[in-house]
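Heads up: the sequence shown runs through residues -8 to 79, numbered per our numbering. Data block below; observations after.
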Amino acid sequence: MVKMNHLDHNLNLTIPFPNNRYAEIAVKVLRPDPILKPEDFEVEYKNKGNSLEIGFKSVDDRVLRVGVSSVIDSVKTIIETIDELDSV
């Protein structure tokens, strides 16, 4: 018998940026990141106006927490980089 993993644990985040361009940059930077176990975790990035929308799906709360934490670290780095380059 094959066990089917269902991605029943969901979380959606909306992160505002100062403008649409920065939200688009964040999506373009985040999209290429590979998911280590795509059968256990999915993430979708969209920009809507000046906001970055991130949708997460996972097989359990632990995998969701680890995946969300990783993406938040990446978003933090993107924001810091935009701040540094924008002030130059």
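Just so it is clear, CB atoms sit at the ideal spot from N, CA and C, and this is done for glycine as well.
When DSSP labels each residue in this structure, what does residue i get in the three-state scheme?
i	result
Met(-8)	Confidence in Met(-8) is poor, its pLDDT being 45 and thus under 50, which makes the residue's placement unreliable; the coordinate value appears in the next sentence. Correct three-state label for Met(-8): coil.
Asn38	strand
Rank the options by C-alpha distance to the C-alpha of residue i and give the top, closest one.
i	options	result
Lys37	Ile6, Asp51, Ile26 and Pro29	Ile6
Glu15	Val50, Ser61, Ile45 and His0	Ile45
Val20	Val57, Ser78 and Ser65	Ser65
Thr68	Ala17, Leu27 and His(-3)	Ala17
Can the beta-carbon of residue i be found less than 7 Å from the beta-carbon of residue j?
i	j	result
Lys48	Asn1	yes
Ile63	Tyr13	no
Asp31	Val54	yes
Asn41	Asn10	yes
Leu(-2)	Glu33	yes
From the DSSP output, which residues share a beta bridge with residue i?
i	result
Leu2	Phe47
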